[in-house]
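Enquirer:
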Amino acid sequence: MLLINRRGALGLIGATAGSMILPRFAVGQGTRPSVTIAVQKITINNTLDVWNEQSNVGERVFFPNLWEGLILRNWMGDQGPVPGLATEWKRIDDKTLELKLRQGVKFHNGDELTADDVVFSFSAQRVFGDTQPAGGKTVFEDEHKPATAKELPAVVPGTGRRLWPALAGVEAVDKYTVRFHNATPDVTIEGRLYAFGSQIANRRAWDEAPTYMDWARKPITTGPYRVGEHKPDVSLTLVAFDDYWGGRPPLEQIRFVEVPEVSSRVNGLLSGEYDFACDLPPDQIAAVQAAPGYEVQGSTIHNHRISVFNVQNPTLQDPLVRRAMTHSVDRQAIVDALWAGQTTVPAGLQFPFYGDMFVEGWAVPEYDPQLAKDLLKQANYKGDAIPFRLLNNYYTNQTANGQIMVEMWKQVGLNVEIEMKENWGQIHDPSGVKGVRDWSAGAAFSDPVSSIVAQFGPNGEVQQKKDWSNAEANQMSQILETETDQAKRKKAFARMLEICEREDPVYQVLHQNAVFTGMKSSLKWKAAPAFAMDFRAANWSS
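Just so you know, the sequence shown maps onto residues 1245 to 1786 in this note's numbering.
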């Protein structure tokens, strides 16, 4: 892991009193500080629903401050599982997991967390709609009917089955005990429970909300902070929830402000308008660190920057063209030019925390312009234009990265044309001609099903959006999701890497993602190796 270290206390001795900007305090709210965080984007779909906001920016505002699951992700450590709303869990068999709920946990509306809320949080009305589990049918379906019918956004059931393809239902054994029943064997149920989406919502708040959007703009959860004010595309204010089971939150308020331009985030930080500025590119780090009273924290994270191919494009239907594109990109040159050595080119779409499931010896396609030219000749490529749908720096250095790749593709004879888009809706718009698009692929827990299967398997977003499909890759996905023999699972994963990255490329891995945050050095906070920002008591010392 690559880290930029916190500046030592000695570095602040020379700062004048006037330059030492201390945390602001909320007027009339006691002695706890409040912070303002400048982010490039707050949410994608203007909701605070974990199933409708599966995004990097969503992770930042949701976890671990607002939403919590039965099992929590160790955000400040190895990203592995730790007890959360459940204190313990055990396997009943290879399809069933039983969990004991933490007693006395309060929702933001004062309700106590019970098994009823857990059953609801994984019900058809909340997540799965009319979808059925792979390999079986729904059981233990909740018969509770909401006071007001709500129509789920179309994306939610699809996202639900992406993470829980074979979940047949959740059984309330008693008030504080639940069992998760899968239709097929699954060695990753525990991991799925701390992934993005498996967080617990309050049933009564859902029932009482007039519409889905009323609920989704201000969900009632168990986190250390509750929603105070939500202005879509402008700001989100989280307020301390003093009945939090984990202890009194250290901050009075956390205010996220949407500031799309990097320069505006940096200037606002250095002027004292913001306490934190997120998603800094490496070329801004030195300027922030040089300012008295400021520092930059950050690291690589369990997320890779990738490009995705759409095979509905007549030119990209031929895998030889896609293979040529993967061999045309000098990834290390991009890392050197744009990231100043602060990240790396990874071993394909996998992460070391996979442990025994990590495929040693695998690598991204080598940079080989001559091979790329030979592949294009075999494909009889005639120079047809390939559109490249690109956002303006949703990802750090995104525009510059895209422009460099276009030039690299041009060097081997590929005619790739950038089409700048304003939002993700335009990126995924089925009208017009698709070609290449930018994306990122993370691992929500330490198994390949959380990345390559969840994103490129039969329930993944890529196949749901009809960008690409491969029958053998889908067979490998099924093995990964249902097989209990780890050797067979690893063999299937290795084969899936070969298909998706070499034989019938659906994506190309560019580099590991890295997150850098500028901040006031007076704030006793540390950055997690993730997009998430932890403002719980253990990560804030007064």
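Beta carbons: idealized from backbone N, C-alpha and C, even for Gly.
1) When DSSP labels each residue in this structure, what does residue 1518 get in the three-state scheme?
2) Just to confirm the assignment: which complete alpha helix (DSSP H) runs, minimum length 4, are found wholly within the region 1721-1749?
3) Taking buried to mean at least 16 other C-beta atoms within 10 Å of its own C-beta, is residue 1561 buried or exposed?
4) Just to confirm the assignment: which complete alpha helix (DSSP H) runs, minimum length 4, are found wholly within the region 1456-1494?
5) Taking its Cβ as the centre, do 16 or more other Cβ atoms sit within 10 Å of residue 1763, making it buried, or is it exposed?
6) Only counting runs of 3 or more residues, tell me where the beta strand (DSSP E) segments fall wholly within the region 1529-1554, in order along the chain.
7) On the premise that residue 1539 lies in contact with residue 1765, defined as a C-beta separation below 8 Å, what is that separation, rounded to the nearest angstrom?
8) Considering only the alpha carbon of each residue, which of 1466, 1421, 1291 lies closest to residue 1350?
9) Helix, strand or coil, according to DSSP, for residue 1772 in the structure here?
10) In angstroms with no decimal places, state the Cα-to-Cα distance between residue 1413 and residue 1288.
11) Short of 7 Å in beta carbon distance, which residues of its chain neighbour residue 1566, apart from the five on each side in sequence? Order them along the chain.
12) Taking Cβ to Cβ, would you say residue 1721 is nearer than 8 Å to residue 1658?
13) Looking at the structure shown, is residue 1674 part of a helix, part of a strand, or coil, going by DSSP?
14) For a minimum of 3 consecutive residues, which ranges assigned as the beta strand (DSSP E) are wholly contained in the region 1592-1643?
15) Mind checking who residue 1344 pairs with in its DSSP beta bridge?
16) For residue 1683, write down the residues that DSSP places opposite it in a beta bridge.
17) Given residue 1514, which residues of its chain have a CB within under 6 Å of its CB, disregarding the five upstream and five downstream residues?
18) Buried or exposed: residue 1779, going by 16 or more other Cβ atoms within 10 Å of its Cβ?
19) Alpha carbon to alpha carbon, what distance is there between residue 1725 and residue 1718?
20) For the structure I just gave you, are there three or more beta carbon pairs, one from the region 1578-1594 and one from the region 1734-1750, closer than 8 Å?
21) Please name the residue or residues paired with residue 1191 in a DSSP beta bridge.
Expert: In short, the structure shows the following:
1) Sequence index remark: in the sequence shown, residue 1518 carries index 274 (1-based). DSSP places residue 1518 in coil when its eight states are reduced to three.
2) The qualifying runs are 1730-1742.
3) Counting from 1 along the sequence shown, the entry for residue 1561 is found at position 317. Around the beta carbon of residue 1561, a 10 Å sphere encloses fewer than 16 other beta carbons of the protein chains shown; the residue is thus reported as exposed.
4) 1456-1461
5) Here residue 1763 corresponds to residue number 519 of the sequence shown, with the count starting at 1. Looking at its Cβ environment, which holds 16 or more other Cβ atoms inside 10 Å, residue 1763 is buried.
6) 1538-1553
7) Mapped onto the sequence shown, residue 1765 falls at position 521. Mapped onto the sequence shown, residue 1539 falls at position 295. Between residue 1539 and residue 1765 the Cβ distance is about 5 Å, and since that is below 8 Å, they are a contact.
8) Here residue 1350 is taken as the residue at index 106 of the sequence shown, counted from 1. Nearest of 1466, 1421, 1291 to residue 1350, Cα basis: 1466.
9) Translated into positions along the sequence shown, residue 1772 becomes position 528. Residue state, collapsed to three classes: coil.
10) The count along the sequence shown starts at 1 and reaches residue 1413 at position 169. The count along the sequence shown starts at 1 and reaches residue 1288 at position 44. Distance between the alpha carbons of residue 1413 and residue 1288 is about 29 Å.
11) Residue mapping note: residue 1566 aligns to position 322 of the sequence shown, counting from 1. So the qualifying residues of the chain are 1553, 1560, 1749.
12) Here the question's residue 1721 lines up with position 477 in the sequence shown. Here the question's residue 1658 lines up with position 414 in the sequence shown. Contact: no.
13) As a working mapping, residue 1674 is identified with position 430 in the sequence shown. Three-state DSSP puts residue 1674 in coil, outside helix and strand.
14) 1630-1635
15) Stepping through the sequence shown from its first residue, residue 1344 is reached at position 100. 1332, 1421, per the DSSP bridge assignment.
16) Position 439 of the sequence shown, counted from the first residue, corresponds to residue 1683. Note: residue 1683 sits in a beta bridge opposite 1550.
17) By 1-based counting over the sequence shown, the position of residue 1514 is 270. Hits under 6 Å: 1535.
18) By one-based count along the sequence shown, residue 1779 stands at place 535. When all chains shown are included, residue 1779 counts as buried.
19) The count along the sequence shown starts at 1 and reaches residue 1718 at position 474. The count along the sequence shown starts at 1 and reaches residue 1725 at position 481. Distance between the alpha carbons of residue 1718 and residue 1725 is about 10 Å.
20) yes
21) Any property of residue 1191 remains undetermined from this structure, which presents the chain solely from 1245 to 1786.
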